[in-house]
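The next block holds one structure in the form of structure tokens; read it before the comments.
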């Protein structure tokens, strides 16, 4: 069963293709193995739909580096082409550097009804109901709507001696503020240069010394890179070519927060 709650620290590092090759070789020699999503080392694609309000308050607050921040997104691990396909509605918080992510697994149609009309999926699972409570409260306090589709190809490893230590590598990061529908798949504007890869460390406490030694050997430094944050900074710097399409309604998650607030 997929994990629904996470609590950890995350460190993000922007690296070159050559550093990517070198790090994978070294961590494999140390005993890190591919996670279940990428058997045999195959990349897998993650599809995200981020929510924000008309003023982009969520991401503007996030990039101001507050001690507390939170955001809502819908995530899928394959293109959701029909109503019965699975998605995760997630609320992600960061409190004084610690990331807490809680999510509810549901079908596309259930997610649509929940986020559009407030109709909760029928479940007797305690944790899922608690997560749905939190998402409902977030939607009540924040008039958000679909704002950004962000996808990327990932390869992920975990330490066979400590499963709480994971390393992921993201590339081909694509973003769009039009066609806000996960069923349309992965396309949009590239966020990184072709020679860049985003490495992310997911840790429960400190980075293991052996891995710190690898970072030192490869001259890799923590950069604090945010996918959504950097996309927003770029977006504010120039207009999208498809700006006329930016407000298309997402068939998976249509906006309804304004109606919810009026009730």
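In the UniProt record's numbering, the protein residues as written are 1 to 263.
Beta carbons: idealized from backbone N, C-alpha and C, even for Gly.
Of the residues the options, which one's Cα is nearest the Cα of residue i?
i	options	result
residue 164	8, 4 and 3	8
residue 285	230, 235, 237 and 99	The chain is shown from 1 up to 263; residue 285 falls before or after that span and cannot be answered.
residue 203	191, 86, 168 and 223	168
residue 66	96, 200 and 35	96
residue 135	105, 150 and 109	105
residue 211	127, 83, 157 and 36	157
residue 73	36, 111, 44 and 79	111
residue 70	94, 151, 150 and 52	94
residue 127	102, 150 and 207	102
residue 51	42, 232 and 196	232
List the residues that DSSP assigns as beta-bridge partners of residue i.
i	result
residue 90	73 and 103
residue 11	201
residue 5	102
residue 232	In DSSP, residue 232 forms no bridge with anything.
Taking buried to mean at least 16 other C-beta atoms within 10 Å of its own C-beta, is residue i buried or exposed?
i	result
residue 119	exposed
residue 194	exposed
residue 141	exposed
residue 48	buried
residue 20	buried
residue 39	exposed
residue 222	exposed
Residue i lies in the alpha helix (DSSP H); which residues open and close that run?
i	result
residue 156	First-last for residue 156: 145–159, but that is the beta strand (DSSP E), not the alpha helix (DSSP H).
residue 23	17–30
residue 126	126–141
residue 187	Element bounds for residue 187: n/a, residue is neither H nor E.
residue 213	209–217
residue 57	57–62
Hey, could you find the ends of the beta strand (DSSP E) residue i is sitting in?
i	result
residue 169	162–176
residue 49	44–52
The stretch 19–33 contacting the stretch 53–62, beta-carbon criterion three pairs below 8 Å: no
Evaluate the contact criterion for the stretch 184–201 versus the stretch 87–94: three or more CB pairs, one atom per stretch, below 8 Å. no
Taking one C-beta from the stretch 156–171 and one from the stretch 131–146 each time, how about it: are there three or more such pairs within less than 8 Å? Verdict: no, contact absent.
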